[in-house]
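Asks: Sharing a structure, written as structure tokens. Questions coming.
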Amino acid sequence: MLIHWRDHIVTTPDTLKGKPRIKGTRIPVSLILGYLAAGNSYDEIIQEFPDLTKEHIYACLDYARDLSEFETIAS
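This is the structure:
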């Protein structure tokens with residue numbers, strides 16, 4: 482399943498101080514990634530946050546992957 486994080490993740494300065502979140506919710510991406518890092522399954526996360534779908538969780542992982550590819554130039 483091909484998921485593009487930009488379809489599911491937004492950031493607005495007036496909500497959660499601009500932290501990336503799932504569109505239409507106040508659930509930050511960092512919270513979902515934290516649950517995944519703690520070993521929770523997709524179903525466990527969705528049970529905790531019924532507004533989420535598996536596509537939202539996939540989008541969070543795609544977002545993290547995209548950030549990890551960010552390169553900085555050392556000066």
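The sequence shown begins at 482 in this note's numbering and counts up one residue at a time. Idealized CB from N, CA, C, for every residue including glycine. Quantities reported herein were computed from a predicted structural model and do not represent experimental measurements.
Which of helix, strand or coil does DSSP assign to Arg-502?
Replies: Strand.
Asks: Determine the DSSP secondary structure at Ile-490, reduced to helix, strand or coil.
Replies: Three-state DSSP puts Ile-490 in a strand.
Asks: Starting from Leu-512, follow the alpha helix (DSSP H) in both directions and report where the run begins and ends.
Replies: Leu-512 -> alpha helix (DSSP H) spans 510-518.
Asks: With a cut-off of 8 Å on the beta carbons, I'd call Pro-509 and Pro-501 a contact; round off their distance for me.
Replies: Contact holds; Cβ gap of about 7 Å.
Asks: Buried or exposed, going by whether 16 or more other CB atoms sit within 10 Å of the CB of His-485?
Replies: Exposed: under 16 other Cβ atoms inside 10 Å.
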